[in-house]
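First up is the structure itself, then whatever we jot down about it.
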Amino acid sequence: MQPIYLDNNATTRADPAVVAAMLPFFSEQFGNASSAHAFGNEVAGAVRQARKSVQALLGAAFDHEIVFTSGGTESDNTAILSSLDTQDGRDEIVTTAVEHPAILALVDHLATSRGIKTHFVGVDSHGRLDVEAYQRALGPRTALASVMWANNETGTLFPVERLAEMAHDAGAQFHTDAVQAVGKIAVDLKTTAIDMLSLSAHKLHGPKGIGALYVRKGTKFSPQIRGGPQERRRRGGTENVPAIVGLGKAAELVATHMDDELGRVRGLRDRLEQGILQQIGHCGVVGDVQSRLPNTSNIAFDHLEGEAIIHHMNRVGIAASLGSACASGSMEPSHVLLAMNVPITALRGAIRFSLSRDNTLADIDRVLQQLPDIFVKLRASSPSWLTRAQTPLANSSQSSELAL
Ligand SMILES: Cc1ncc(COP(=O)(O)O)c(C=O)c1O
């Protein structure tokens with residue numbers, strides 16, 4: 001039986017049409033986009049087309065607002081470092097406690113290497129940002145506020161349009177890590193105050209190792225990879241043409257699949273979530289169910305170890321994830337769930353199911369058929385489950401959200 005892949009926030013399968021669009025650019029159309037001859041011109045045209053496709057997906061006003069990078073991590077790093085370079089007299093960052101390591105690892109490094117102060121704004125038990133604390137953190141020394149559009153672990157959406165305006169009122173630039181949001185929800189940057197936005201192709205059925213940083217026209221910007229004049233001198237290095245073409249194609253396709261994502265994929269996610277809550281019980285949804293990506297469901301199971309759940313699911317061909325891909329592998333509980341104050345009994349039992357347009361109703365029904373047995377076995381061999389105290393989660397058979 002085919003394995004079922006429910007880990008699309010970690011990465012997605014490149015669409016076959018994306019792969020087909022990329023292939024000629026490894027061989028027949030191998031020119032350097034900067035070369036002033038036919039080989040180069042042809043390729044430069046394909047890069048231009050890809051830039052327009054990403055522009056259209058983001059609703060950006062100009063195609064030159066799109067700078068191709070090596071992915072989400074580079075885009076995030078560039079946005080922060082650029083702001084610190086260009087915002088004279090401003091040396092502080094405002095971000096959140098639940099960002100991806102692509103932000104958190106850099107600001108930690110900047111604290112030790114350059115003494116840069118970062119304010120980490122917290123979230124409530126539903127994962128919602130403390131907007132008042134965000135307002136208080138902004139000040140005359142803030143160079144950049146960087147807040148993710150959608151959380152990779154819980155799918156919770158942050159009100160970035162409003163947060164961008166607040167950052168501008170404080171004279172700061174605003175960046176959003178939209179790596180998980182782009183392709184899953186509609187984005188129209190023309191109508192927002194967002195200065196910079198990061199995206200990554202491999203989260204939207206494109207290839208790995210390619211992404212983009214949107215830089216609004218007029219935004220002060222300092223390149224972080226210096227070299228040749230590529231990308232209007234904002235990112236040196238010969239363009240990764242096959243990958244750029246793949247990102248362009250993925251952007252085109254995702255735009256046409258947006259209704260599917262918001263309708264069919266959401267329906268599948270809800271069917272899976274409701275099925276688990278009803279059939280397995282003693283678990284709860286982590287995140288803001290009112291404002292969440294349509295493809296993501298993070299469910300915390302009381303008195304069980306996430307690693308064991310993942311392992312047992314894997315044995316029957318179901319792939320999901322323990323929090324984020326970057327957090328898994330370490331035994332530390334997820335920083336996102338810690339920031340949300342998820343009860344200690346459920347902290348290690350959270351599983352992220354993330355769907356995509358590749359998933360079918362048959363996938364979800366097979367998962368729902370197989371999970372109950374797995375949980376019966378896991379609970380029978382879990383000392384923590386067998387000796388559990390009567391906590392709110394343990395008492396409820398169908399908690400729809402974590403009782404905190
Ligand atoms: C929210 C978020 N930001 C940034 C990244 C990093 O993107 P990339 O893998 O393209 O470097 C990821 C990938 O997991 C992510 O989920």
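Just so you know, our numbering puts 387 at position 387 of the sequence shown, and the rest follows in order with no gaps. All C-beta atoms, glycine included, are put in the ideal place defined by N, C-alpha and C.
Of the listed residues the options, nearest to residue i (C-alpha basis)
{"i": "Ser177", "options": "Val367, Leu272, Tyr214 and Ala38", "result": "Reading the sequence as shown, one finds Asp at residue 177 and not Ser. If we check each option's Cα against that of Asp177, Tyr214 comes out closest."}
{"i": "Met22", "options": "Ile244, Pro294 and Leu197", "result": "Ile244"}
{"i": "Leu104", "options": "Asp88, Val121 and Gly89", "result": "Val121"}
{"i": "Gly317", "options": "Arg266, Gly284, Leu347 and Val367", "result": "Val367"}
{"i": "Val98", "options": "Asp88, Lys117 and Val123", "result": "Val123"}
{"i": "Gly139", "options": "Ser146, Ala170 and Ala111", "result": "Ala170"}
{"i": "Glu153", "options": "Val285, Glu132, Pro3 and Met313", "result": "Val285"}
{"i": "Asp15", "options": "Val147, Ser381, Ala201 and Asn341", "result": "Ala201"}
Collapsed DSSP secondary structure at residue i in the structure displayed
{"i": "Gln2", "result": "coil"}
{"i": "Ala300", "result": "strand"}
{"i": "Leu322", "result": "coil"}
{"i": "Thr11", "result": "coil"}
{"i": "Phe25", "result": "helix"}
{"i": "Leu143", "result": "Just to set this straight, residue 143 is Ala in the shown sequence, not Leu. Three-state result, Ala143: strand."}
{"i": "Phe62", "result": "coil"}
{"i": "Asp108", "result": "helix"}
{"i": "His282", "result": "coil"}
{"i": "Phe174", "result": "strand"}
{"i": "Leu262", "result": "helix"}
{"i": "Ile225", "result": "coil"}
{"i": "Leu97", "result": "Leu is not the amino acid found at residue 97; the sequence shown has Ala there. Ala97: coil per DSSP, three-state reduction."}
{"i": "Val67", "result": "strand"}
{"i": "Glu252", "result": "helix"}
{"i": "Ala33", "result": "coil"}
{"i": "Val316", "result": "coil"}
{"i": "Arg232", "result": "helix"}
{"i": "Glu182", "result": "Note on residue identity: the sequence assigns Val, not Glu, to residue 182. Reduced to three states, the DSSP call for Val182 is strand."}
Residue interval of the beta strand (DSSP E) (run including residue i)
{"i": "Ala423", "result": "As displayed, the chain neither begins before 1 nor continues past 404, which places residue 423 out of reach and without an answer."}
{"i": "His119", "result": "Lys117 to Val121"}
{"i": "Ile210", "result": "Run containing Ile210: none; DSSP gives neither H nor E here."}
{"i": "Gln279", "result": "Where Gln279 is concerned, there is no enclosing beta strand (DSSP E), although the alpha helix (DSSP H) it sits in stretches over Arg266 to Gln279."}
{"i": "Ser198", "result": "Met196 to Ser200"}
{"i": "Thr345", "result": "Per DSSP, Thr345 belongs to no beta strand (DSSP E); it is in the alpha helix (DSSP H), Ile344 to Leu347."}
Chain-order list of residues whose beta-carbon lies under 7 angstroms from that of residue i (same chain, five-residue window excluded)
{"i": "Asp108", "result": "none"}
{"i": "Pro242", "result": "Met22, Phe25 and Phe26"}
{"i": "Val47", "result": "Ala33, Glu239, Val241 and Ile244"}
{"i": "Trp385", "result": "His303, Leu304 and Arg379"}
{"i": "Thr69", "result": "Ser75, Thr78, Gly211, Ala212, Leu213 and Arg235"}
Boundaries (first-last residue) of the alpha helix (DSSP H) holding residue i
{"i": "Val367", "result": "Leu361 to Ala380"}
{"i": "Thr86", "result": "Gly72 to Thr86"}
{"i": "Val160", "result": "Val160 to Asp169"}
{"i": "Ser384", "result": "Pro383 to Leu386"}
Same chain only: Cβ atoms within 6 angstroms of residue i, ignoring 5 sequence neighbours per side
{"i": "His119", "result": "Val94 and Ala137"}
{"i": "Leu204", "result": "Gly183, Ala250 and Val254"}
{"i": "Ala181", "result": "Trp149 and Ala150"}
{"i": "Ala327", "result": "Unreliable positioning characterises Ala327 in this predicted model, as indicated by a pLDDT of 47, which lies under 50. The coordinate reading is nonetheless provided below. Hits under 6 angstroms: Ser334."}
{"i": "Gln55", "result": "Asp63 and Ile66"}
Cβ pair residue i, residue j closer than 8 angstroms
{"i": "Ala193", "j": "Ala164", "result": "yes"}
{"i": "Ser75", "j": "Gly206", "result": "no"}
{"i": "Gly287", "j": "His126", "result": "yes"}
{"i": "Gln173", "j": "Met196", "result": "yes"}
{"i": "Ile299", "j": "Ile351", "result": "yes"}
{"i": "Ala319", "j": "Tyr5", "result": "yes"}
{"i": "Thr156", "j": "Ser291", "result": "yes"}
{"i": "Glu92", "j": "Arg141", "result": "yes"}
{"i": "Arg266", "j": "Pro294", "result": "yes"}
{"i": "Arg269", "j": "Ser297", "result": "yes"}
{"i": "Gly209", "j": "Gly71", "result": "yes"}
{"i": "Gly246", "j": "Val18", "result": "yes"}
Residue-chain proximity (residue i, chain B), Cβ-Cβ < 8 angstroms
{"i": "Arg234", "result": "Here there is only one protein chain, and chain B is not present."}
Beta-carbon contacts of residue i that lie in its chain and below 8 angstroms, excluding the five residues immediately before and after
{"i": "Gln369", "result": "none"}
Residue i: CB within 7 angstroms of a non-hydrogen atom of ligand 2
{"i": "Gln224", "result": "Ligands in the displayed structure: ligand 1; ligand 2 is not one of them."}
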